[in-house]
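Single-structure report; data block below.
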Amino acid sequence: MADLNSLNFVKGKYTLNLMISLCLGLVLTACGSGSNSTDPENNNPPPTITDPEDNQTSYRFNVGTGVIANATLTIESYTQGLGWQQDTQLTSSGSEVFSDAGIVTTSAVSFNNETWYRLTTTGGEILDVNVDGVADDTPSLFQGQMRAIAKGEWINALQGANISVYSEAGYTYVAASLASDTLDWSTIENSLETMANQLLQNDPSDDATIATSDLITIESDDFSYLNFVNQKNALNMVSIMTDGLSSILAWLPYNEYQELSTDSSSSYKHITLSDRSKIYTLSLRRGIIEVDLATGTSTTITTGTNTNQTFALDETNLLAYVANGTGNGVYVIDIATRTQIETIMTDVRAFDLEISSDGSTLYYGNSDGLHIYDIATQQTTTIAMERVSAIKLSEDGTTVYISGNEYIAEYDLKNNTTLYSYDIGSSVNSNGFFINNSGTHAYVATYSDGLTVVNLSDGSYQSYPAPDDEDVYNVLPSPDQNIVAVISELGFHSFNANTLEYVDTEHSDFVFDSSYYTTYYPEDGIYITGDNLWVIGGFSGPDLLTSSTEYIAAVNNVTLNTAKQQVAFTRYDGYLGLLDQTTGEVAYIELSDRPNQITLSDDNETYYVAIAGVGVDIVNASTHEVESITYADATNFAYPVIHKASNTLYITDVSTYDIHVFSLTDNSYVKTLDRAGCQTDMIIFDEAQEYLYAACGNANSGVRRLKLSDDTWETFAVGVSTSVTLSADGTKFYAGRYQEVDEFDLATQQITRTFTTDHTAYGLAIWEEKNILITGGNDGPSFVDLNTGAFYELSNEFGNQFAIDKITNILYFASGNSGLLEMDLSDLGIEE
C-alpha cells in the first residue's frame, strides 16, 4: 500500500488523520462493479473494482469543503458513444472525530490515465459550514452536491482527489458540455484550464503554471489560492449547496447585480421573461438580447440605435417597444422576424415604457408627463405633470404608478384622475421604486437618502440610508414582500419591511432564501432562478480577468510605480492602496478625505493624490508618511501633473474648471491659470514639458494647449473632450469624446482619423509596442487597434482609469464595482 502521508496534496489549514476504516464490502456489494466495456476511442477499459487484498494503489478523497461526513461519493467514467457510466459508490468517514471525518480511502478501485471521470458528493452531514476549522455545534444536512471532473492521469498522480468548491466551480463551468454521449474532451479541458486561471491567484502545485488538474489538487478547505473576488464567494457556495441549491451563482461577483424581478406576471425593467422558454434583455449598445432557456443560446436583435433607453414586451403579439435614449421615438420590433416595423414619435424622448397586457395600449413617461398611446388608432392622450421618470402598471391594468424627480404619484386610468401625488423630498432614481401588493406603501430608491418608505394614505415618509453609506439605485421586493433588496453602488442590503430595519450591516450576497438558482448565461450576465422565476441581470465579467484586489471598496484611480514594483490605487472611502507586485500584499494608507487621481514623482519616491475638497496629499512610497497641501478654495481637485523643471504641481478643479499651481519645494500656492474659457477636465504635459494640454468639456474649446513660457493658450478644432493623450513622438494627440476618439495631427492642424467607440473615453493611453490606444469609460476598458481602427471591449466593469505594466503585459484597471482588477493583455489577437 502507498504511504498516504506522502500524497502530493497541497496542504491548507487542516491536518487530517489518514487512518480511516470503511465498510467497503457493503458499499461495493450494493453498487456492483459498473461497466467493464472498452472505450472505443482510447481502447482503454474503464476502472474496475478489485479485491482490497490485491495490494492495489490506495486512493484518498477529501469529500467536500466544510467536511462532509457520511456522504456518498459516486464515481462515474465516460465512454464515447455510451456516455457516463457509474463505476462505484463509496461512503465518507463519519463524524465521531472531526479531524478524521469527510474522507474516503480505498484500494478497491483503479483509474485509467486516458479516461475521464466524474466524482459526485451527495448526502451526509456538513460539519463546518462556515469553514473555520472548528466543528459546528450541530451538523447540517448536506442537501446539494459537490462535483469534480478529472482525468484518470491526474487522479493517479495525486493518488486521489479533493472534491471541493474549486472542483465544483470547474465542473459548473463546463457542465453544459457534459450532457452529450459524444464529447470533445480537448475543448472541455481547455475550458477547465480557462476557469482555473480565472479562479486561482497562484499555482498550488509549484510547477509555475496554473493547470486544470490544480482544481482537484488544493485541499478542500483552503481558500488561500482563490483570487480575491472569489474567496468570499467560496463560503457562499458551501452555504448554497448545503441548502440543496445549485452552486452556479456562487461565483457571481457579488456587487454587480443590475436588476431583479419576481415572476412572469411582473412588469420587468430592462429584463423581461416572456414565457418560461425565453428571456429578453436590453443592451444599451447591442439591442434586444433573446436567450433560449432550453439551449442556452442567445441572439441579438438590433434596434437601429446604440442608445437603447428601456423597453417593454408585448407577449400577446410578440412585439418589443424600445425607447431611443437620444432621439424622440419608440421603435416597434417584431420579435418573430427580428425586424423594426414601426417608429412611434414621442416629441420628447421617453424615459420609461409599459405595455398593457392585451397589447392595445402603450404608456410612456417623459419630461412632459404621462402619455397614453392607443396602438390601433395611433392617438396619444397626454396627462400633463412634472417629469415622469418611471412608470409601473398595476397587475389589473387600471392604475399607473409614477415616479418623478422628487415625487411619486398614482393615476386612475378608469376615471382619468390623479389619486395622489406626494413630494418625498429626495431625488428618485429612475425605475427605483415599487408599491406593495396591498397598496399601502411605496419603497423608493432615493440615492444618498437610501431607501425611502412612503405611507400612501397620507404621504408621510421616512428614509433609511444604506449601511454602506453609498447611493441607493434600486429597490426590489422578495416574493412575499417581507424583505426588500436595497441595491447600492457597492452591493445588496436586505431590509425588513415589517420591522423597518436593515437585516444586515454588511452586503448580502443572496437576498432571497426561497430562490432556487438554476441557470447562468455568462455571455450576457443573465441569471435565472427556479420556482419563483427570479431574473437577475449582472454585468458580465471580463474574459481577461486574472485577479482582483480590494474586493468590496470601489476604486477610482490607479498608477504604476515600476521602480518599487508597486501599484498605487485610490479608494472612494478615503484610502490609498499600495499593492506589492512581488508578494500580492496591499498596504492601506488613510488619506485626509476622498481621493481622486494620483501622480508619481520622477524619482518614484512620492505619490501626489488629489483630495477632492482639501487639496493634495503627499505620500512617501517607502515610509507611507502623509503630509498635505491644503487649499481653502478647493472644491473638487481631480488631475495632478508635475512640471519637473520648476518643481511645481499643476492640478485641475473639475467643479470650478480652474487649474491651480503649487510649489513642491515648500508646498505653497503659486497661482491659478487663466483657463481662457476651457472647462478643464484632464491635463497632461508633453515630453519636453513645454506645453500643457487640457481636455475641455465645452464645445468651443475641445482641446487646448498652454505654452508655459508665456502662459498663452492655443485652441485645436475638436469637439467637447473628456480626455487627451499624446503619441510617443509628440506629433499627434488623441482626444476622447462622446463614443469616439479623434486623432489630431499637430503639424497639419487637422483631425486625421476618428475612431468609433462604445463609450465616452474618460481615460486614454497609447501602448506603442502594440500600437493600440487603450480607453477607459463607464462601460470599462477597451482598446482601438491603430493599425486597422477596429474597436475591442476588454471588460464591462464600470470605471475609467487604468495603468499598463508593459513588462508583464498586465493592465491594472480601477473598477467602481469590483476594486482593482488585473487583466493579462499578452495576447490580444492583433498584429503587433
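Sequential numbering of the sequence shown, starting at 1, is according to my numbering.
Idealized CB from N, CA, C, for every residue including glycine.
Take Y461 as the anchor and find which of S191, Q481, Y407 has the nearest alpha-carbon.
-> Closest option to Y461, judged by alpha-carbon separation, among S191, Q481, Y407: Y407.
What is the DSSP secondary structure of T187, reduced to helix, strand or coil?
-> It is helical.
N698 versus L282: straight-line alpha-carbon distance, rounded = Going by the C-alpha atoms only, they are around 31 angstroms apart.
Same chain only: Cβ atoms within 7 angstroms of L200, ignoring 5 sequence neighbours per side = Excluding residues within five positions, the ones whose Cβ falls inside 7 angstroms are I210, D214, Y225, L226, N227.
Could you spell out the range, first to last residue, of the alpha helix (DSSP H) harbouring A169?
-> Secondary structure note for A169: its alpha helix (DSSP H) is the uninterrupted segment 165-174.
I218 at chain C interface by Cβ criterion, 8 angstroms = The displayed structure is made up of one protein chain only, and chain C is not part of it.
What are the uninterrupted segments assigned as alpha helix (DSSP H) that are 4 or more residues long and contained completely in the segment 644-717, given in chain order?
-> Segments of the alpha helix (DSSP H) lying fully in the segment 644-717: there are none.
Determine the DSSP secondary structure at D617, reduced to helix, strand or coil.
-> D617 falls in the strand class under three-state DSSP.
Where Y812 falls: helix, strand or coil (DSSP) = DSSP places Y812 in strand when its eight states are reduced to three.
Thinking C-alpha only, which one of A676, C696, D674 is nearest I684?
-> The residue with the shortest Cα to Cα distance from I684 is C696.
Which residues in the same chain have their Cβ closer than 8 angstroms to the Cβ of S360, if we skip the five residues on either side of it in sequence?
-> The beta carbon of S360 is closer than 8 angstroms to those of D374, I375, A376 in its chain, skipping five residues each way along the sequence.
Give a yes or no on contact between the segment 740-750 and the segment 664-680, applying the rule of three or more CB pairs nearer than 8 angstroms.
-> Judged by Cβ distances under 8 angstroms, the segment 740-750 makes no contact with the segment 664-680, as fewer than three pairs qualify.
Under the three-state reduction of DSSP, which class applies to K806: helix, strand or coil?
-> Here K806 sits in coil by DSSP.
Would you tell me roughly how many angstroms separate the C-alpha atoms of T182 and W84, rounded to the nearest one?
-> Across the structure, T182 and W84 are spaced so that their CA atoms are roughly 10 angstroms apart.
Sheet register partners of P467 (DSSP bridge) | P467 is not bridged to any residue.
Check whether the Cβ atoms of R147 and I103 lie closer than 8 angstroms to each other.
-> Inclusion of R147 and I103 in the CB contact set at 8 angstroms is not warranted, their separation being larger than that value.
Please indicate yes or no: does the CB of T187 lie closer than 7 angstroms to some heavy atom of the ligand SAH?
-> No copy of the ligand SAH occurs in the structure displayed, which carries no ligand at all.
Ordered along the chain, which non-local residues of its own chain (more than five positions away) have a Cβ less than 6 angstroms from that of T337?
-> If you ignore the 5 residues before and after T337, its C-beta comes within less than 6 angstroms of no other C-beta in its own chain.
Reduced DSSP category for L821 - H, G, I as helix; E, B as strand; rest coil = Look at L821 here: in three-state DSSP terms it is strand.
Length of the line joining the Cα atoms of Y447 and T399 = Cα-Cα distance, rounded: 26 angstroms.
Endpoints, beta strand (DSSP E) assigned at G789 = For G789, there is no enclosing beta strand (DSSP E), as DSSP marks it with neither H nor E.
Beta strand (DSSP E) containing A320: first to last residue?
-> Run containing A320: 319-324, per the beta strand (DSSP E) assignment.
In terms of residues, what are the limits of the beta strand (DSSP E) holding A101?
-> Here A101 belongs to no beta strand (DSSP E), and DSSP marks it neither H nor E.
Starting from L579 and walking both ways along the beta strand (DSSP E), at which residues does that stretch end?
-> Residues 575-580.
Using the beta-carbon count (16 or more within 10 Å), is N498 buried or exposed?
-> Around the beta-carbon of N498, fewer than 16 other beta-carbon atoms lie within 10 Å, marking it exposed.
Is the beta carbon of A676 less than 8 angstroms from the beta carbon of R705?
-> No, they are not a contact pair.
Could you tell me which of T760, D758, L726, R737 sits nearest to D745, measuring between CA atoms?
-> Ranking the options by Cα distance to D745, first place goes to L726.
So A323 packs on Y364, CB below 8 angstroms; how close in whole Å?
-> About 7 angstroms; that satisfies the 8 angstroms criterion.
What residue does the beta strand (DSSP E) around G83 start on, and which one ends it?
-> Run containing G83: 83-91, per the beta strand (DSSP E) assignment.
How many whole angstroms separate the CB atoms of A610 and N620, which I take to be in contact at a CB cut-off of 8 angstroms?
-> So it is not a contact: roughly 17 angstroms between Cβ atoms.
Measuring CB to CB, does L319 end up less than 8 angstroms from V330?
-> No.
If you draw a straight line from the C-alpha of G736 to the C-alpha of G123, how long is it?
-> Distance from the CA atom of G736 to the CA atom of G123, rounded to whole angstroms, is 57 angstroms.
Using a threshold of 8 angstroms, state whether the C-beta atoms of L578 and Q566 are closer than that.
-> Taking 8 angstroms as the cut-off, the Cβ atoms of L578 and Q566 count as close.
DSSP-derived helix/strand/coil call for S628 = S628: strand per DSSP, three-state reduction.
Terminal residues of the alpha helix (DSSP H) in which G133 lies | Counting along the chain, G133 sits inside no alpha helix (DSSP H), nor does DSSP assign it H or E at all.
When DSSP labels each residue in this structure, what does E740 get in the three-state scheme?
-> Three-state DSSP puts E740 in a strand.
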